[in-house]
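Chemist: Numbering-wise, this note's numbering comes out as the position in the sequence shown, counting from 1, plus 106.
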Amino acid sequence: DNGSFQTRAGWASADPAVPAEPLLRFRSLAARSRGARGGAGAETQVGNDLGSPEPLRWLLRSPFDRNVPVQLELQELLLDHVFQRLGVASQGCVDHPIVLTEAVCNPLYSRQMMSELLFECYQVPKVSYGVDSLYSFYHNRKQNWPCSGLVISSGYQCTHILPVLEGRLDAKNCKRINLGGCQAAVYLQRLLQLKYPGHFAAITLSRMEEILHEHSYIAEDYIEELQKWRSPEYYENNMHKMQLPFSNKLLGSTLTSEEKQERRQQQLRRLQELNARRREEKLQLDQERLDRLLYVQELLEDGQMDQFHKALVELNMDSAEELQSYINKLSLSVEQTKQKILQAEVNIEVDVVDSKPETPDLDPLGSEQSLEDVESINEFEPLFAEEQPEVEKPVAAVQPVFNLAEYHQLFLGTERIRAPEIVFQPSLIGEDQAGIAETMQYVLERYPKEQQAILVQNVFLTGGNTMYPGLKARVQKELLEMRPFQSSFQVHLASSPVLDAWYGARDWAVEYMTREEGWITRKDYEEKGGEYLKEHCASNVYVPIRLPKQAPRTTEALAPSRVLTSSTGNPCEQA
C-alpha cells in the first residue's frame, strides 16, 4: 500500500503460516544528510529509522506530489527499504509478483515511471496496480461481490467520491477534493499558534497530527455544536488539556558551592584561552605587516628608488620618515604582544571565590593577562545571577504561586471540531471547493433515480481521515437532507480504515494469483509500454493516449511546389 502518508508492506499467501498482517508500516519519507564536502559521510534514513520527524523537518523529502508519486529516486529508496526489511534475498532482482496501490485516475506518466522502475530496476515478473479505497471496498464487501456503492475515501492529501457500479469504478463521474488530514493538521497548528504565541515552537505538526487522531471529532451539526461551546459548563466538561514538554529544573538550584566555584574557574579558563587566541592572531597580522614594511625599507637601502616609491604609493605613504615611524610602532606592538603571550604561558590561576570580588588576587608580577581576564569575568557577572544563594535574592512580601506545568498546557476547545470540519466546509481555510456533502450530491445527480437508490444503499467510508468520531452520523445527516422524503440509505464505515486497503490488496492477490486478469507481465510492458494497465475490479480505468493522425499530403497539394521548383531550374528537383 503505497500511501502518501504511510507505506504498508507484507506478504500475500494462502499459507496459514504466513502472517496476514502488514509486516512493515512506516512514514513515506526519507532524509539524506549532506555530510562533508564531496559527499563523504552522507547518510540516508528512511521510514522508522527517522524517529521523530521534527528535528529533521528541513531535510525530509517525500516522493509524492499530493497523492501521486513524482520523485522516483525517493520512491526507489522506499522500495529498497521495503525489500530489505522483508528479507528478499534474490540477487539482482525481486523474483516476486508485486501488487501496488496508485492514486485515483493516476496520470499515465506516473504509472509509466513506476512500471519502468519495477521492471527495469527490480526485474519483477509481473505487477498489478489498484486503487487503495477500492481494495478496502473489496475487502469489506467480498462476500456478496460484485456490488455497487458510493465510496468516500479521505486520506492524507485528498478526498475522493468514487461511484462503483457492479464492482467496477465509474471513472467518468469520480470527483476529488484537494483536502485531507495534512491540511487539517496545518489548520489546527495555525489555530493553536495564534491562541498560544508563547509556545509557537512547541506546537509542531507532529503534535497536531496526534491531537487530530486522539482528540478531534466531527460535529453532526457544526453551528449547533459551536453554540454549545459558548456555555462555560459545556466548555469545562468537554475541554481537553494537552501537556507540552518542559524542564522544571532551575539552573544552579542543585549546585553546591564547590561546583559553583569550579564552574567559575572553567569560565575563567575559557576566557584565558580566548584572549590567548586573539593575541596570537594579532601577533601574526602585525608580524606580516612589519615584514612587508621592512622589505620596502630594504628597497631604499639597496637604492632601488623606482620600486621604493611605487611601494610607498601602494602603502599610502608619502616619505621614508613616515615609513620608519610605522616600522617603530609595529615593532613595539609586536614586542608587547610577545611579552603578553609569554606571561600567559606562566599559567597563573586567579582564585575567584566571591561572585563580585573587590580585590582580585593578581600574580606577584602584576600580570596584565590576569587583570584582563578578571575584568572579562566581571562583564559576564549578570549572566550568573541565578547561581547566587537563595538567601541573597530579595524576597517579596507576597509572591504569587506560578505553576510551570500549567503554563505549558494547551486547552483544546472548539479546535477539536474546527480542524476536521474543513472536509465539509473548505471555505474555513479559504479553499474555493465544494465539501463532501455538496460533492456527493453532485455525483448522485449525474445518475438516474434508479441508480441513485442503488448507490446510496451502500455508502462506504474509508481512509485514515475518516476515523473521527461522529463522521458516520454526519454523513447520514447530510444524506437525509439531500435524499427524497422517506427514501432509504445505508452508511458503512470500514472495519479498519487505515489497513483495509492492504487487506483488500492481499485478498485480491491470493484470489487472482493464478489468473491472468489484472496482472501486467514483462511481455506486456515491453509490447504495450509502461503506462499500460490491465483492469480488474479494484483498478483504475485504462485510457490509452490517442495521438491525432496527420492527414497525408495529396498530389494536388504538392503540385504548386513542384511547378515552382521546375520554373527556377533548381537541380535538386532531379534528386
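Even glycine gets a Cβ: it sits at the ideal position worked out from N, Cα and C.
(1) Can the beta-carbon of Arg167 be found less than 8 Å from the beta-carbon of Leu130?
(2) Out of curiosity, what's the CA-to-CA distance linking Asn246 and Ala307?
(3) For my contact list, Ile433 and Gln390 are in at a C-beta cut-off of 8 Å; report their separation, rounded to the angstrom.
(4) Quick one: which unbroken beta strand (DSSP E) runs of 3-plus residues sit fully inside the stretch 232 to 307? Chain order, please.
(5) Give me the Cα-Cα distance between Trp251 and Arg274, rounded to the nearest whole angstrom.
(6) If you drop the 5 nearest sequence neighbours on each side, which residues of the same chain put their C-beta closer than 6 Å to that of Phe566?
(7) In whole angstroms, what is the alpha-carbon distance linking Glu364 and Asp155?
(8) Can you list, in chain order, the residues of its chain whose CB lies under 6 Å from that of Arg282, leaving out five sequence neighbours each side?
(9) At a cut of 8 Å, does the stretch 539 to 553 reach the stretch 337 to 355 through at least three beta carbon pairs?
(10) Does Ala426 pass the burial test, meaning 16 or more other C-beta atoms within 10 Å, or should it be called exposed?
(11) Whole-angstrom Cβ separation of Pro128 and Leu605, contact assumed at under 8 Å?
(12) Could you round the C-beta distance between Ser259 and Ser239 to whole angstroms and report it? I think they count as a contact, below 8 Å.
(13) Consult DSSP for Thr443 and reduce its assignment to one of helix, strand or coil.
(14) Nearest-angstrom Cα distance between Arg370 and Ser431?
(15) What does the alpha-carbon distance come out to for the pair Val562 and Pro575?
(16) Are Ile528 and Ala291 closer than 8 Å when you measure CB to CB?
(17) Are the Cβ atoms of Phe111 and Tyr262 separated by less than 8 Å?
(18) Use the C-beta contact count for Gly287: other C-beta atoms within 10 angstroms, 16 or more gives buried, fewer gives exposed.
(19) By DSSP, does Ile542 sit in helix, in strand, or in coil?
(20) Report the start-end ranges of each alpha helix (DSSP H) in the stretch 396 to 434 that is 4 residues or longer and not cut off at the edges.
(21) Going by alpha carbons, who is nearest to Thr113 out of Gln410, Leu206, Pro122?
(22) Under DSSP, the alpha helix (DSSP H) around Lys347 begins and ends at which residues?
(23) Is it true that the CB of Val174 sits closer than 8 Å to the CB of Pro231?
(24) Taking contact to mean at least 3 C-beta pairs separated by less than 8 Å, is the stretch 194 to 201 in contact with the stretch 603 to 618?
(25) Below 8 Å CB to CB, which residues in the same chain sit around Arg524 once its five sequence neighbours on both sides are set aside?
(26) With Ala137 and Phe352 assumed to form a contact (beta carbons below 8 Å), what rounded beta-carbon distance in angstroms separates them?
(27) Taking the alpha-carbon of Thr572 as reference, which of Pro603, Val152, Val549, Ile560 has the nearest alpha-carbon?
(28) So Val270 packs on Val237, CB below 8 Å; how close in whole Å?
(29) What alpha helix (DSSP H) runs, 4 residues minimum, are completely inside the stretch 361 to 397?
(30) Roughly how far, in whole angstroms, is the beta-carbon of Phe225 from the beta-carbon of Arg628, given that I think they are within contact range, below 8 Å?
(31) Helix, strand or coil for Ser139 per DSSP?
(32) Check whether the Cβ atoms of Gln582 and Leu350 sit closer than 8 Å, and answer yes or no.
(33) Do His305 and His346 come within 8 Å of each other at the CB atom, strictly closer than that value?
(34) Considering only residues of the same chain and omitting the five flanking positions on each side of Glu641, which have a CB-CB separation below 6 Å?
(35) Grab me the residues of Lys555's own chain with a C-beta within less than 8 Å of its C-beta, minus the 5 sequence neighbours each way, in chain order.
(36) Excluding the 5 residues preceding and the 5 following Ala579 in the sequence, name in chain order all residues of the same chain whose CB lies nearer than 7 Å to its CB.
Modeler: This is what the structure holds:
(1) no
(2) 42 Å
(3) At roughly 18 Å, the Cβ-Cβ gap does not stay under 8 Å, so Ile433 and Gln390 are not in contact.
(4) 232 to 237, 255 to 260, 265 to 271, 281 to 283
(5) 11 Å
(6) Phe243, Gly255, Val257, His598
(7) 43 Å
(8) Closer than 6 Å at the Cβ level, and outside the excluded window around Arg282, lie Cys264, His266.
(9) no
(10) exposed
(11) 7 Å
(12) 3 Å
(13) helix
(14) 43 Å
(15) Val562 and Pro575: Cα-Cα distance of roughly 21 Å.
(16) The Cβ atoms of Ile528 and Ala291 do not sit closer than 8 Å to each other.
(17) yes
(18) buried
(19) helix
(20) Segments of the alpha helix (DSSP H) lying fully in the stretch 396 to 434: 411 to 420.
(21) Leu206
(22) Run containing Lys347: none in the alpha helix (DSSP H); it sits in the beta strand (DSSP E), 346 to 349.
(23) no
(24) no
(25) Tyr293, Leu294, Leu297, Leu534
(26) Not quite, the Cβ-Cβ distance comes to about 27 Å (not below 8 Å), so this is no contact.
(27) Pro603
(28) The Cβ separation is near 10 Å, so there is no contact.
(29) none
(30) About 6 Å separates the beta carbon of Phe225 from that of Arg628, a gap short enough to meet the 8 Å contact definition.
(31) strand
(32) no
(33) no
(34) The residues Tyr648, in chain order, have a CB closer than 6 Å to that of Glu641 in the same chain once the five nearest residues on each side in sequence are set aside.
(35) none
(36) Glu326
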